[in-house]
Each structure stands twice: as C-alpha cells, then as structure tokens.
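Residue numbers (this note's numbering): 249 to 329.
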C-alpha cells in the first residue's frame, strides 16, 4: 500500500491517494497501531471532502469509527458511524 500511495501522489491521482490512505489506515488498525491508523483515515477524509466524494467520505468516517471502537471509545465511535 505504501508503494501505491507513492504512485498516487506522484501521478496526482487524488481518488487513488484517498483509497490507499484508507487501506493503510485499516492495516495499521489491524496491527494495533490505532493512532497511526487514525492519521491515515483523517488524511483520506480530507481528500474525500476536497474531491466532494461522498462515498469515500462515508468510508473514511466509518473507518475512524472503527478506530475509536478499537480503543473502546464507544461514544466517539458512534459519532463517526
């Protein structure tokens, strides 16, 4: 995913960049690196909003909710779901 993210940035493909940021965020969450995961999902969310891509925005918000859930922060998780 890191290589794909680099290619997305090199080719200035913002949709691919958002997608790869989200993928990396998911990988980091599954590895237990929730803080790092949240950084990636927040970046993906920012790109999605810049592109006005509602589907990607929704995915990013749900992924952030999953990160809060992984931290047992149920209240914050429900705000993102």
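Heads up, the beta-carbon is just placed ideally off N, CA and C, and yes, glycines get one too.
- Linking residue 256 to residue 294 through their CA atoms gives a straight-line distance of about 15 Å.
- In the DSSP assignment, residue 326 falls within the unbroken alpha helix (DSSP H) covering 322-328.
- Residue 263 and residue 320 have their C-alpha atoms spaced approximately 31 Å apart.
- Residue 280 carries a coil assignment under DSSP once its states are collapsed to helix, strand and coil.
- Each of 322, 312, 253 and 252 was checked against the Cα of residue 281, and the nearest Cα belongs to 312.
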